[in-house]
Structures are given as structure tokens and as C-alpha cells.
DNA sequence: TACTTAAATAGTAATTATTCTTATTAAGGA
DNA sequence: TCCTTAATAAGAATAATTACTATTTAAGTA
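Chains as they are written, first to last, in my numbering: chain A, 1 to 154; chain B, 1001 to 1154.
Take a look at the structure:
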């Protein structure tokens, strides 16, 4: 599930560039936290990121994780995945894509568009203001959970 | 912004029917809480609903509001509006529609589809499991906030 | 390279939304 | 009207996130 190191290095270079652009310091905490989100396909929550970062940086504080995630979000480097759960989850993938949320296990799956496919805005959407982004969430029961249901019945 | 009383009465009748169907009691608290959500276009949060219900029922407890909202959600009578804010917001409108969320003032606007218009599922969506519902959130800056920005500049 | 300074951090306390606990009340069937 | 048990009020508890403050450190400058 991990992206190869070249891609990751590029992403960190991007973080450095963006930080400099915004007059923000490139701290090892920021690098480590961003690295974790950028390298994960699991749409991790703050706690998961904190636990993971703590392995390399035992003194990192929860506050730093939350603060950094907020900064990265401000810089448009990561995004919050809409979910109806108490824990916010994050995504560093800027390729336009949607999400399938399993209502049973809460797993989030990326839905990438086929080549040529594009998201259609409802015609009335523009009437309300200036659109920044569109977000499609599909809720349902994922294959893994459906399988488990079937297994229990037999 | 309030729906007329006939529509509201119908909705409450619907609540009675659904409660009976599910073997649940029709308590005045439930009626009042549902009435507030069904009668509002503002996608209120639990606290707002609590404050409003308290005017008629001063002894109602927060817990009852949360519990009732959860029951109504279980019955598919109300829905949670995806937002990236700490407070959950609710919607009793079952007509298929989307939402425009203002990132400045956090107002939620309903986007109804034009006749004949329909939501298009991404082709890959079905690959992940059984779809229950699709939810389109459009984030941006609403006209009111855009106007205020312009006013400040002059 | 060392010095300086403000931005960022660690550690911890505080806050906010929501949920749980328990004794009490009341809906609705008999 | 009575009985049963689901639902409630009140307040305590929890979970996620944010705020506070003393300390550290990134990075610009001499």
C-alpha cells in the first residue's frame, strides 16, 4: 500500500516548497506528519497519525499533530474526508476522486474516475455562490462486510 | 421559512405511523424534536434544536435530543448533513437533493435538481460494495459572504 | 559559524460535542 | 385503572480537539 520512495521524496519536496512560499518553517514534525498522510491510502485519523509519528519522534505532541494537519489543510495539501463520525480523517491525494464509505466498518475507499469521466455539477449549484470544490460521498456496505454477512448466515 | 401547517401535520402523522411500525412510543419530546427539524430549512444542529424545544418543554434534556435524533436517523426520517465541522447538522427533507456549504459562514443551502436532472454515479462506485446512498457536497463561498467581502473592499 | 528572533513545539489543562448512568416518569396495551 | 417497560431528566463521563505557556529551534543575518 505504500507509494514508492521517489514519489514520496517528491511530495516532501513539494511540502518544502509550499512552506517556504507561505513563510512557514520546515520542521521535522511537519515533514513526518505530512509523510504519513501522503504515504497512506487509509485516510488516517489524527490519532493514527499521532501514534505512527510517535514511533519515530517519541516526544511529538497531539497538539502538534492537530496543528500541523490544520496547516496542511490551509495550504490545500491535505483534505478532510467527509464522514459522519467523530474522528476527522485525512487524504493527501489531490487527484480528483470520490469516496465510498462503508457504514459497517467505516473504511473509506477511493473512487477514481474512468478516463474521460467527469463529475457533473447540479445545474443549480452555481446559484449559491463561488464554488471551491465538489465532494461526492457514496455510502454503503463494502464487499468485505457483505462477505462477512454472507458467511455468518451459512 | 416555515412550511405550512398541513404539511407539518402530515409529517407528524408520518412520525406516529413510523413509531408504531417500529414499536416505539410517540412521546411529546419526539414529536417536538422531529417537528423542529421537519419545519426548519436551516439544517439545525443538536444544540439549536435543544434550545428551541426547551422553549416549549423547559425540562427537556440534551440527552433526549441526541437520543431522539439518533432514533429518527435510524428510522430514515432525518439525515445528517456531511460537514467538516464539530457539530452534526440535520435535515428532514427526503426529497433527493444536494448541499452547498459555505466555508465562511457555515450556512448550508439545499440544491434541488432540475426536472429530468439526475445524479450520476461514478462508474467505479459499484465495485466497492452495495450502495445505500449518494451524497454530493459543494463547498464554496455563498453569495451573502461574497457580498460582504466586496463591501469591505470599498 | 555563531547569534538572534519569532515561529513552532511539548506537555498539560481546558473545552466542546456527544454519550452514558441511574433513578424516575409515562405511553399504551391489558 | 393498572402494569410493564420504554423513554426521560439530570448530571456525570468520555472522546476528540483546541488552548495555554514555558521552552526549543528553524532559518535569516552578522
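Here a beta-carbon is modelled for each residue, glycine too, at the ideal position from N, C-alpha and C.
Residue burial classification, residue 1102(B) (beta-carbon count within 10 angstroms, cutoff 16): As a first step, residue 1102(B) must be located in the second chain, where it is residue number 102. Buried.
Assuming residue 111(A) and residue 1122(B) are in contact, meaning their beta carbons sit under 8 Å apart, how far apart are those beta carbons, in whole angstroms?
To locate residue 111(A), count along the first chain from 1; it is residue 111. To locate residue 1122(B), count along the second chain from 1; it is residue 122. Rounded, the Cβ-Cβ distance is 5 Å, consistent with contact.
Self-check item: Assigned exposure category for residue 13(A) - 16 Cβ within 10 Å defines buried
Solution: Reading the first chain from its first residue, position 13 is the one you call residue 13(A). So residue 13(A) ends up on the exposed side.
At the level of alpha carbons, what is the spacing between residue 1209(B) and residue 1045(B)? Since the displayed chain B opens at 1001 and closes at 1154, residue 1209(B) lies outside it and no answer follows.
Any beta carbon of chain B sitting closer than 8 Å to that of residue 39(A)?
Against the first chain, residue 39(A) aligns to sequence position 39. No, its Cβ sits nowhere closer than 8 Å to a Cβ of chain B.
For the alpha helix (DSSP H) that contains residue 145(A), what are its first and last residues? As a position in the first chain, residue 145(A) is number 145, starting the count at 1. Counting along the chain, the alpha helix (DSSP H) containing residue 145(A) begins and ends at 143-153.
Exercise for the section: Given a cut-off of 8 Å, decide if residue 30(A) and residue 15(A) are closer than it, judged by their beta-carbon atoms. Expected result: Along the first chain, one-based indexing puts residue 15(A) at 15. Along the first chain, one-based indexing puts residue 30(A) at 30. Contact: yes.
**Item:** Complete runs of the alpha helix (DSSP H) confined to the segment 1004-1069 of chain B [at least 4 residues]
**Value:** 1005-1021, 1028-1039, 1046-1056
| field | Supposed contact pair residue 142(A) and residue 100(A) - C-beta distance, whole angstroms, cut 8 Å | value | As a first step, residue 100(A) must be located in the first chain, where it is residue number 100. As a first step, residue 142(A) must be located in the first chain, where it is residue number 142. The pair is a contact, with the Cβ atoms about 7 Å apart (cut-off 8 Å).
Would you tell me roughly how many angstroms separate the C-alpha atoms of residue 1072(B) and residue 1118(B), rounded to the nearest one? Residue mapping note: residue 1072(B) aligns to position 72 of the second chain, counting from 1. Residue mapping note: residue 1118(B) aligns to position 118 of the second chain, counting from 1. Their Cα atoms are separated by approximately 27 Å.
Could you confirm whether any beta carbon from chain A is found closer than 8 Å to the beta carbon of residue 1098(B)? In the second chain, residue 1098(B) corresponds to position 98, counting from 1. Closer than 8 Å to some Cβ of chain A, the Cβ of residue 1098(B) qualifies, so yes.
What do you get for residue 10(A), buried or exposed, if any count of 16 or more other CB atoms within 10 angstroms of its CB means buried?
Residue numbering aside, residue 10(A) sits at position 10 when the first chain is read from its first letter. Residue 10(A) comes out exposed.
By DSSP, does residue 101(A) sit in helix, in strand, or in coil?
-> The count along the first chain starts at 1 and reaches residue 101(A) at position 101. In the structure shown, residue 101(A) sits in a strand (DSSP, three-state: E or B).
Check: So who's on the other strand from residue 1138(B), going by DSSP bridges?
Finding: Position 138 of the second chain, counting from 1, holds the residue named residue 1138(B). Its beta-bridge partners are 134(A), 1100(B).
### Message
Excluding the 5 residues flanking residue 134(A) on each side, which residues of the same chain have their C-beta closer than 7 Å to its C-beta?
### Response
Walking along the first chain from the start, residue 134(A) turns up at place 134. Result list for residue 134(A): 119, 121, in chain order.
Starting from residue 1110(B), follow its DSSP beta bridges and name the residues at the other end. Locating residue 1110(B) in the second chain gives position 110, counting from the first residue. Per DSSP, 1099(B).
query: How would you label residue 116(A), buried or exposed, when you count the other beta carbons within 10 angstroms and need 16 or more for buried?
result: As a first step, residue 116(A) is located in the first chain; it is residue number 116 there, counting from the start. Classification for residue 116(A): exposed.
Tell me which residues of the segment 125-139 of chain A have at least one Cβ-Cβ distance to chain B shorter than 7 Å, keeping chain order.
125, 128, 129, 130, 131, 132, 133, 134, 135, 136, 137, 138, 139
In the DSSP assignment, the beta strand (DSSP E) including residue 1081(B) goes from what residue to what residue?
Taking the second chain and counting its residues from 1, the one referred to as residue 1081(B) is at position 81. 1079-1081 is the span of the beta strand (DSSP E), which, as asked, contains residue 1081(B).
query: Which residues in the same chain as residue 1018(B) place their Cβ atom closer than 7 Å to its Cβ, once the five residues preceding and following it in sequence are excluded?
result: Position 18 of the second chain, counted from the start, is the residue given in the question as residue 1018(B). Within the same chain, residue 1018(B) has close Cβ partners 1075, 1077.
Reduced DSSP category for residue 1076(B) - H, G, I as helix; E, B as strand; rest coil: Counting from 1 along the second chain, the entry for residue 1076(B) is found at position 76. Three-state result, residue 1076(B): coil.
### Task
Note down, in chain order, all residues in the segment 87-112 of chain A with a beta-carbon under 8 Å from any beta-carbon belonging to chain B.
88, 98, 100, 102, 103, 109, 111, 112
*Considering only residues of the same chain and omitting the five flanking positions on each side of residue 43(A), which have a CB-CB separation below 7 Å?*
Taking the first chain and counting its residues from 1, the one referred to as residue 43(A) is at position 43. The answer, listed in chain order, is 81, 89, 90, 91, 108.
Take residue 1035(B) and list the residues in its own chain whose beta-carbon comes closer than 7 Å to its own, dropping the five residues that flank it on each side. Here residue 1035(B) corresponds to residue number 35 of the second chain, with the count starting at 1. 1008, 1012, listed in sequence order.
Can you tell which of 1105(B), 1104(B), 1127(B), 1144(B) has the C-alpha that lies nearest to the C-alpha of residue 114(A)? For this step, residue 114(A) is matched to residue 114 along the first chain. Among 1105(B), 1104(B), 1127(B), 1144(B), the Cα nearest to that of residue 114(A) belongs to 1127(B).
Notebook entry, point to check: For residue 68(A), is the classification buried or exposed, using 16 other Cβ atoms within 10 angstroms of its Cβ as the cut-off for buried?
Noted result: The sequence position of residue 68(A) within the first chain is 68, counting from 1. So residue 68(A) counts as buried.
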